[in-house]
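Going by the working numbering, the sequence shown opens with residue 190, and the numbers climb by one from there.
Even glycine gets a Cβ: it sits at the ideal position worked out from N, Cα and C.
For reference, the structure is listed below as C-alpha cells.
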Amino acid sequence: MSTSSRPTKKPRSKELTDQQKHLNQEKSSDRVKCEHTISGVNRYNAARG
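Structure representation (C-alpha cells):
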C-alpha cells in the first residue's frame, strides 16, 4: 500500500464490468485503512499536547 490509485470511473453510456467494480471495492478498502491510520495518528498527537 505504498501509493494510492484512483477508482475507475463509469463511462457515460456504459456500465462498469464486474472486474472493474471489484477492483474499485479493493481500492476503496485500502483507502479507508489508510485514512483510519492517519486519523489515529492525528488523535494520538492531539492527545499528547
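Under 7 Å, do residue i and residue j count as touching if we go by C-beta distance?
{"i": "Asn213", "j": "Pro200", "result": "no"}
By the DSSP assignment, the alpha helix (DSSP H) with residue i in it spans what residues?
{"i": "Lys222", "result": "Asp207 to Arg237"}
Tell me, to the nearest whole angstrom, how far the beta carbon of residue i is from that of residue j; I am working on the premise that it is less than 8 Å.
{"i": "Ser193", "j": "Arg220", "result": "7 Å"}
Measuring only the C-alpha atoms, how far is residue i from residue j?
{"i": "Val230", "j": "Asp207", "result": "35 Å"}
{"i": "Met190", "j": "Ser202", "result": "For Met190, the predicted structure reports a pLDDT of 49, less than 50, and the residue's modelled location is therefore unreliable. The matter cannot be settled from this model."}
{"i": "Lys198", "j": "Ala235", "result": "36 Å"}
Using 7 Å as the limit for Cβ to Cβ distance, is residue i near chain B?
{"i": "Lys210", "result": "The structure shown contains no chain B; it holds only a single protein chain."}
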